[in-house]
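In what follows, a structure is listed as structure tokens, so that the remarks can point back to it.
There are 2 protein chains.
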Amino acid sequence: MTSASEDTIASRISRILADRIVTGQLDPGTKLRQDHIAEEFGTSHVPVREAFRRLEAQGLAVSEPRRGVRVASFDLKEVREVAQMRAALEVLALRHAAPHLTPAILDQAEEATVAGDNSRDVRSWEEANRRFHTLILTPCGMPRLLAAISDLHAASARFLFASWRSEWEVRTDHDHRAILTFLRQGNIENAAPVLERHVQWIGQKPVRNASGATRDAFAIVG
Amino acid sequence: MTSASEDTIASRISRILADRIVTGQLDPGTKLRQDHIAEEFGTSHVPVREAFRRLEAQGLAVSEPRRGVRVASFDLKEVREVAQMRAALEVLALRHAAPHLTPAILDQAEEATVAGDNSRDVRSWEEANRRFHTLILTPCGMPRLLAAISDLHAASARFLFASWRSEWEVRTDHDHRAILTFLRQGNIENAAPVLERHVQWIGQKPVRNASGATRDAFAIVG
DNA sequence: TTTGGATAAATTATAGATAATTATTATTTT
DNA sequence: AAAATAATAATTATCTATAATTTATCCAAA
Chain A
1 MTSASEDTIA
11 SRISRILADR
21 IVTGQLDPGT
31 KLRQDHIAEE
41 FGTSHVPVRE
51 AFRRLEAQGL
61 AVSEPRRGVR
71 VASFDLKEVR
81 EVAQMRAALE
91 VLALRHAAPH
101 LTPAILDQAE
111 EATVAGDNSR
121 DVRSWEEANR
131 RFHTLILTPC
141 GMPRLLAAIS
151 DLHAASARFL
161 FASWRSEWEV
171 RTDHDHRAIL
181 TFLRQGNIEN
191 AAPVLERHVQ
201 WIGQKPVRNA
211 SGATRDAFAI
221 VG
Chain B
223 MTSASEDTIA
233 SRISRILADR
243 IVTGQLDPGT
253 KLRQDHIAEE
263 FGTSHVPVRE
273 AFRRLEAQGL
283 AVSEPRRGVR
293 VASFDLKEVR
303 EVAQMRAALE
313 VLALRHAAPH
323 LTPAILDQAE
333 EATVAGDNSR
343 DVRSWEEANR
353 RFHTLILTPC
363 GMPRLLAAIS
373 DLHAASARFL
383 FASWRSEWEV
393 RTDHDHRAIL
403 TFLRQGNIEN
413 AAPVLERHVQ
423 WIGQKPVRNA
433 SGATRDAFAI
443 VG
């Protein structure tokens, strides 16, 4: 494990800001003011600016020279774009990971699925879901691919938190189980297309807001 | 066109350093010393550090906290990884771009192919090749996808420049022509797999070095 | 008199330069 | 060979300049 002193203040700030953006604590369009953030973390603005560059690269922030940095906005079009990129890249990763998957790994992935089904809030569901995907894909041994997928996961999670902020319902993840069954059989040709569709799935579901009215919210689940 | 004052010193530095890394002017493993670079550009090291963060995100540089930044190294394994990621993402982009491709765009792509065939050095070939891919993919209208592909192109180009530094032979790009023919017919189902194989193609070819001896070099062409 | 718009001053924030600190690496000494 | 010290370079803080935004003031037209 990397000790706290192993990384720079900049990377710590970028991680924390990324988490706030993903979970919706920071709304799209919110100005990120460098000296406010610097003050919050008890540093100067220099590491804050470095953190901004990373957030920019991750697509979580948008920077206009001399005009500052804002939390990136997103729309349904981008949700779809990210979902399709994830589908393409996760299938690639799975094909390379499959030969290296052990029963132990698949058991852990099953545990993650159960944990997801039993989650009582979005945050823990997201965490379990991410664990599932990470477990079955990491053995591909392609670091660049995994890093790209990880960034896309963060983007997906943003949409998830934004859509399902208020309520949460318990669901059973049939896709995860189907994927695991195929993988246990060594049947990648069937596992891959299930994963592809699973990641691309974007649902539309009525959400009841505070005033009791319902509105349509889009949700990405995978 | 963006005027020079429209972007920051940091982005200018990152662009120039990226070009040097890609073209092989800076060898893998080379230390990037922030105050040397700052001196060269007549700035302080603050914008240099921001440029480093961007290069890091692009996979062109590797940073170790408190130990500095180096030009990222790469091996055949990574070449293959990048090629496969490109294949997956470019196919996705092409499928979305296809309905928006006009005869005018395809003519421009044909010109780019001719320019590539007539190139007398690696640099101009790479530029023409990139233009071809950009032309047929941009109409997909998926900015995040295009940005990811662009970064992967840079990585590919690095390998290209590294393998074919000394000599250059004129070739005719049959793949590009086949893709164009299919696209003119509106036949995406055939165009896509050609593009997929084209991008993934990694050749092995003997290269004569300064001392006259030959060694095997890997080349990625697409 | 009020409203609308333009212009100028003041404030605020970003970008960059300089300076200080801290960690790492190389060298020397025991 | 190990420890101590010096040199080197990265990281962060402080400070300055410049650009952008807001606010205030003024004039013109209704």
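The listed protein sequences derive, respectively, from chains A and B.
Residues in the first sequence are numbered from 1 upward in steps of one, following the working numbering.
Residues in the second sequence are numbered from 223 upward in steps of one, following the working numbering.
In this text, a Cβ means the ideal position worked out from N, Cα and C, and glycines have one as well.
Because the structure is a prediction, the values reported are computed rather than measured.
When rounded, the separation of the alpha-carbon atoms in A/Val122 and A/Leu137 is 22 Å. Looking at the backbone, the Cα of B/His398 and that of B/Ile442 are separated by about 15 Å. In this structure the segment 278 to 295 of chain B lies against the segment 246 to 259 of chain B, because at least three pairs of beta carbons, one per stretch, are closer than 8 Å. Less than 8 Å separates the beta-carbon of B/Ile243 from that of B/Arg380.
Here A/Leu89 really is in contact with B/Ala310; their C-beta atoms are around 6 Å apart, less than 8 Å. Counted as a single uninterrupted DSSP element, the beta strand (DSSP E) harbouring B/Gly290 occupies residues Gly290 to Val293. Rounded to whole angstroms, the separation of the alpha carbons of A/Thr102 and B/Val421 is 31 Å. For A/Val62, the enclosing beta strand (DSSP E) begins and ends at Ala61 to Glu64. Assigned with DSSP and collapsed to three states, B/Leu382 falls in helix. For A/Trp125, the enclosing alpha helix (DSSP H) begins and ends at Val122 to Leu137. For B/Leu402 and B/Ile410, the gap between their C-alpha atoms comes out near 10 Å. Taking 8 Å as the threshold, the shortest C-beta distance from B/Pro287 to chain A falls below it.
The beta carbon of A/Leu195 sits closer than 7 Å to the beta carbons of Glu90, Val91, Leu94 and Ile179 from its chain, once the five residues preceding and following it are set aside; these are given in chain order. The straight-line gap separating the alpha-carbon atoms of B/Phe404 and B/Leu328 is approximately 11 Å. When the five nearest sequence neighbours on each side are left out, the beta carbons in the same chain lying within less than 7 Å of the beta carbon of A/Glu50 are those of Ala10, in order along the chain. Under the three-state reduction of DSSP, B/Leu248 is assigned to coil, being neither helix nor strand.
The C-alpha of A/Val79 lies about 32 Å from the C-alpha of A/Val46.
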